[in-house]
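Chains as they are written, first to last, in the numbering used here: chain A, 1 to 276; chain B, 277 to 427.
Note that CB positions come from ideal geometry on N, CA and C, so glycine has one too.
The model shown is predicted, which means the values in this text are computed figures rather than measured ones.
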Amino acid sequence: MAEEELEIALYAASENVSTSYKSIDCLNLGLWLGFGLMSNGAETIRVEDSVTRILSAYDLVNAEVFAVSNYLHVSALSSSGEPISFGKRMRGSSSNNLDKVDRLNDLARRITSETPDPVLTLNIVKQIIDAPGYPFIIHAFAVSLSAFAFALLLGSDLVPALWATTASFIMINLLRPVRKHYANPIFINIIGSVLITLLIWPVRYTIYSADSLLMMTASFMYFFPGIALINSTRDLMAGDYSAGLAKMIEVLLLAASVAVGSGATLAFLGRIWPIA
Amino acid sequence: MEILQSTIFALLASFAFMTIFEVRGKALLIGSIGGAISQLSYMLLQLLIDVHFLVPYFFATIILTLYSEIMARVFKKPATVYLIGALFPLVPGRGIYQSMVYFVEGQQGAFFVEIQETLAITGTLAMGIMLVSVIFRNFRLRSYFKEEEQI
């Protein structure tokens, strides 16, 4: 569907070579594409780079792009010399959809080389942004598999690994309704770590008690902010200190929230249900 | 045997994380192989070279980042698509959790030793990514668009 629309946009561009597009449409296209990249977990430097190249491809005069971790601003001069600027703020934290990042990145390169009709191309960008992710059951399966594989990788036996798998599966299902009402990732991490600790705590009273640390670690890997850490590193390396440091703080807060949730639960359980 | 087992588990773990991050198609397989490569190179380096514990982490990250950047150029996808899931086997999850346990139990000495080691590993991973990314970064993004512009 998106491919078909892109072909139509490209056809429109080839049929209408002499007509220059409206600056406002080109700027809007850049804004939405950049926003799509930002809200799905792309590095800030990639957002700025992609939007800048799109605006340059449409020959916008004095085009400027500025992005921080949750805000994107684009500006340029219209054909009549009037300044135009748009800003878009991302509410909350970005999601982690690397497929959308990939598709939008690919589209950005095609826009840069083929300069299709910006109005038609904007529809494709919005389609990509609104596209559904994997069904929940696949997500739940992947979360469980990650706990299973990590438990074994860390050196656990098969039974504790399966216990960690089950705990992760139950946790992700219990978190599902919570996520619908509270999207804050710090809150989600605290609730998730409390659930995992509660579900794995009973293993301390079995013959697999020695593996409880490995099981907890394996189950907590899901909460590790990997995308934020890597994006932060890449932004810092690219010289974008404001975005890099903001993401680094996000990494620290997310990691601390897991520690708080699990630590508080461990301390509580240790008091009410001490190991003999 | 242990190395082979760990490599398979790392491949599975990377596959799971890439699925969580919504990676699809061929990239899912290529990224998972990256996870296996990072674990294999880490274990081999640990086995073959008797050096500081951070050195295998550093070189394994360099090998993984190189792999991700090369795959990104070959398949015209962002390197992060391959890098993020594949890096997870090297992440010191155990250290992070163990530090927290020591902290809760009030074992200050053990906490500082553990957290110091964990932060050193995390910093080493970041340095490895930085080193390779800085070489590839400008060259990759510029050449991508230059190539397209020339068509």
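Starting from the C-beta of residue i, find all residues in its chain whose C-beta is less than 6 Å away, skip the five residues before and the five after it, and write them out in chain order.
i: Phe412(B); result: Glu345
i: Ser317(B); result: Ala336, Ile339
i: Glu64(A); result: Ser75
i: Glu424(B); result: Residue confidence for Glu424(B) is low, a pLDDT of 48 falling below 50, so the modelled location carries little weight; the figure read from the coordinates is stated next. Closer than 6 Å at the Cβ level, and outside the excluded window around Glu424(B), lies no residue.
i: Phe148(A); result: Ala161, Thr165
i: Pro301(A); result: The structure shown does not extend to residue 301(A), since chain A spans only 1 to 276, so no value can be given for it.
i: Gly261(A); result: Ile190, Ser193, Val194
i: Ile279(B); result: Met319
i: Ala386(B); result: Tyr378
i: Thr283(B); result: Ala312, Gln315, Leu316
Can residue i and residue j be called in contact, C-beta distance under 9 Å?
i: Thr400(B); j: Thr356(B); result: no
i: Ile293(B); j: Met221(A); result: Position check: residue 293(B) holds Phe in this sequence, whereas Ile was assumed. Going by C-beta atoms, Phe293(B) is nearer than 9 Å to Met221(A).
i: Leu60(A); j: Leu77(A); result: yes
i: Ala183(A); j: Gly92(A); result: yes
i: Gly263(A); j: Val377(B); result: yes
i: Asp49(A); j: Leu122(A); result: no
i: Gln352(B); j: Asp99(A); result: Before going on, a small fix: residue 352(B) reads as Lys here, not Gln. Not in contact: Lys352(B) and Asp99(A) (Cβ atoms no closer than 9 Å).
i: Ile309(B); j: Leu342(B); result: no
i: Leu304(B); j: Phe285(B); result: no
i: Ile397(B); j: Tyr358(B); result: no
i: Val47(A); j: Leu27(A); result: no
i: Val125(A); j: Ala42(A); result: no
i: Phe364(B); j: Phe224(A); result: yes
i: Ser193(A); j: Thr112(A); result: no
i: Pro347(B); j: Arg234(A); result: First, the amino acid is wrong: residue 347(B) is Met here, not Pro. Taking 9 Å as the Cβ cut-off, Met347(B) and Arg234(A) do not qualify as a contacting pair.
i: Arg53(A); j: Ala142(A); result: no
Check each candidate in the options and name the one with the smallest Cα separation from residue i.
i: Leu213(A); options: Ile296(B), Glu381(B), Arg370(B); result: Arg370(B)
i: Asp240(A); options: Ala218(A), Leu29(A), Ser69(A); result: Ser69(A)
i: Ile129(A); options: Leu37(A), Gly81(A), Arg271(A), Ala264(A); result: Leu37(A)
i: Val380(B); options: Arg109(A), Ser94(A), Phe268(A); result: Phe268(A)
i: Ser257(A); options: Ala238(A), Ser209(A), Pro185(A), Trp273(A); result: Pro185(A)
i: Tyr208(A); options: Ala151(A), His73(A), Pro274(A); result: Ala151(A)
i: Gln315(B); options: Gln281(B), Met406(B), Gly385(B), Gln374(B); result: Gln281(B)
i: Ala403(B); options: Leu175(A), Ile230(A), Ser20(A); result: The identity of residue 403(B) in the sequence shown is Met, whereas the question assumes Ala. Among Leu175(A), Ile230(A), Ser20(A), the Cα nearest to that of Met403(B) belongs to Ile230(A).
i: Ala238(A); options: Asn40(A), Gly81(A), Arg271(A), Ile45(A); result: Ile45(A)
i: Glu307(A); options: Asn62(A), Phe66(A), Leu236(A), Thr265(A); result: Residue 307(A) lies beyond the range of chain A shown here (1 to 276); nothing can be said about it.
i: Asn96(A); options: His328(B), Val367(B), Ile296(B); result: Ile296(B)
i: Leu145(A); options: Val299(B), Ala289(B), Thr283(B); result: Ala289(B)
i: Val287(A); options: Arg110(A), Leu158(A), Pro274(A); result: A query on residue 287(A) cannot be resolved here, the shown segment of chain A reaching from 1 to 276 and no further.
i: Ala243(A); options: Phe66(A), Ser56(A), Ile54(A), Trp273(A); result: Phe66(A)
i: Leu154(A); options: Val327(B), Gln374(B), Gly382(B); result: Gln374(B)
i: Val159(A); options: Thr206(A), Pro135(A), Ala57(A); result: Thr206(A)
i: Ala259(A); options: Ile372(B), Gly382(B), Gly385(B); result: Ile372(B)
i: Pro368(B); options: Leu120(A), Val143(A), Gly226(A), Ala142(A); result: Gly226(A)
i: Phe330(B); options: Arg349(B), Ile313(B), Gly311(B), Leu366(B); result: Checking the sequence shown, residue 330(B) turns out to be Leu, not Phe. Selected option, being the one with the closest Cα: Leu366(B).
i: Gly301(B); options: Arg176(A), Leu236(A), Tyr134(A); result: Tyr134(A)
i: Pro116(A); options: Ala57(A), Arg179(A), Ile272(A), Gly270(A); result: Ala57(A)
Can you find the residues in the same chain that come closer than 8 Å, C-beta to C-beta, to residue i, ignoring five residues on each side of it along the sequence?
i: Leu156(A); result: Looking at the sequence itself, residue 156(A) is Ser, so the reference to Leu does not match. The answer, listed in chain order, is Ala164, Asp211, Leu214, Met215, Ala218.
i: Val17(A); result: Summary for Val17(A): the model assigns pLDDT 43, below 50, so the residue's position carries little reliability; its value from the coordinates is reported in the next sentence. Excluding positions up to five away in sequence, the list is empty.
i: Thr19(A); result: Bear in mind that a pLDDT of 48 at Thr19(A), under 50, signals an unreliable position, so the number given afterwards is only what the model happens to contain. No residues qualify anywhere along the chain.
i: Leu55(A); result: Cys26, Leu27, Gly30, Ala63, Val65, Val74, Ala76
i: Leu236(A); result: Gly244, Leu245, Met248
i: Arg176(A); result: Phe136
i: Gln426(B); result: Note that Gln426(B) scores a pLDDT of 45, beneath 50, so its modelled location is shaky and nothing firm can be said.
For residue i, collect the residues of the same chain with a Cβ closer than 7 Å to its Cβ; drop the 5 residues on either side in sequence, then sort them by chain order.
i: Ala140(A); result: Phe169, Ile172, Asn173
i: Ser409(B); result: Thr341
i: Ser94(A); result: Met38, Ser39, Asn40, Gly41
i: Val299(B); result: Gly307, Val357, Gly361
i: Ser232(A); result: Gly244, Lys247, Met248, Val251
i: Ile84(A); result: Ser23, Ile24, Leu27, Ser75, Ala76, Ser78
i: Ile313(B); result: Ile339, Leu340, Tyr343
Would you check whether the ligand PLP has a heavy atom nearer than 8 Å to the C-beta of residue i?
i: Arg234(A); result: Only the bare structure without any ligand can be found here, which leaves the ligand PLP out of the picture.
Can you list, in chain order, the residues of the stretch 232-253 of chain A whose Cβ is nearer than 9 Å to any Cβ on chain B?
Of all residues in the stretch 232-253 of chain A, Ser232, Thr233, Arg234, Leu236, Met237, Ala238 have a Cβ within less than 9 Å of some Cβ in chain B.
Touching by the beta-carbon criterion (3+ pairs, under 8 Å), the stretch 157-172 of chain A and the stretch 199-218 of chain A:
Under the Cβ criterion (8 Å, minimum of three pairs), the stretch 157-172 of chain A counts as touching the stretch 199-218 of chain A.
Taking only beta carbons into account, state which residues of the stretch 355-368 of chain B come closer than 9 Å to chain A, listed in chain order.
Within the stretch 355-368 of chain B, the residues whose Cβ lies closer than 9 Å to some Cβ of chain A are Ala355, Thr356, Val357, Leu359, Ile360, Gly361, Leu363, Phe364, Pro365, Val367, listed in chain order.
Check whether the stretch 310-322 of chain B and the stretch 391-405 of chain B are in contact - that is, three or more C-beta pairs closer than 8 Å.
No: fewer than three Cβ pairs fall under 8 Å.
Is the number of C-beta pairs between the stretch 237-254 of chain A and the stretch 184-191 of chain A that are closer than 8 Å three or more?
Judged by Cβ distances under 8 Å, the stretch 237-254 of chain A makes contact with the stretch 184-191 of chain A, as three or more pairs qualify.
Members of the stretch 256-269 of chain A that neighbour chain B once the beta carbon cut-off is set at 7 Å:
The stretch 256-269 of chain A vs chain B, Cβ under 7 Å: Ala259, Ser262, Gly263, Leu266, Ala267.
Three or more C-beta pairs below 8 Å linking the stretch 17-33 of chain A and the stretch 119-137 of chain A
Yes: the two stretches touch, three or more of their Cβ pairs being nearer than 8 Å.
Compile a chain-ordered list of the residues in the stretch 178-191 of chain A whose CB is closer than 7 Å to at least one CB of chain B.
Hits within the stretch: zero.
Return the residues of the stretch 378-394 of chain B that lie within a Cβ-Cβ distance of less than 8 Å from chain A, sorted by chain order.
The residues in question are Phe379, Val380.
Using a beta-carbon distance cut-off of less than 7 Å, what residues from the stretch 339-351 of chain B approach chain A?
Answer set for the stretch 339-351 of chain B: empty.
For the stretch 60-90 of chain A, enumerate the residues whose C-beta is nearer than 7 Å to any C-beta of chain B, in chain order.
Cβ contacts with chain B: none found.
Within 8 Å of chain B by C-beta, residues of the stretch 96-127 of chain A in sequence order
Hits within the stretch, in order: Asn96, Asn97, Leu98, Asp99, Lys100, Val101, Asp102, Asn105, Asp106, Arg109, Arg110, Thr112, Ser113.
Members of the stretch 137-153 of chain A that neighbour chain B once the beta carbon cut-off is set at 7 Å
Within the stretch 137-153 of chain A, the residues whose Cβ lies closer than 7 Å to some Cβ of chain B are Ile138, His139, Ala142, Val143, Leu145, Ser146, Ala149, Phe150, Leu152, Leu153, listed in chain order.
Interface residues of the stretch 291-306 of chain B facing chain A [CB-CB below 9 Å]
Residues passing the 9 Å Cβ filter: Phe291, Ala292, Phe293, Met294, Thr295, Ile296, Phe297, Glu298, Val299, Arg300, Gly301, Ala303.
Closer than 8 Å, Cβ to Cβ, to anything on chain B: give me those residues from the stretch 29-41 of chain A, in chain order.
Hits within the stretch, in order: Gly41.
For the stretch 314-331 of chain B, which residues have a CB atom closer than 7 Å to at least one CB atom of chain A, in sequence order?
Those residues of the stretch 314-331 of chain B that come within reach of chain A (Cβ to Cβ, closer than 7 Å) do not exist; the list is empty.
Listed in chain order, which residues of the stretch 211-235 of chain A have Cβ atoms closer than 8 Å to some Cβ of chain B?
Answer set for the stretch 211-235 of chain A: Leu213, Leu214, Met216, Thr217, Ala218, Phe220, Met221, Tyr222, Phe224, Gly226, Ile227, Leu229, Ile230, Asn231, Thr233, Arg234.
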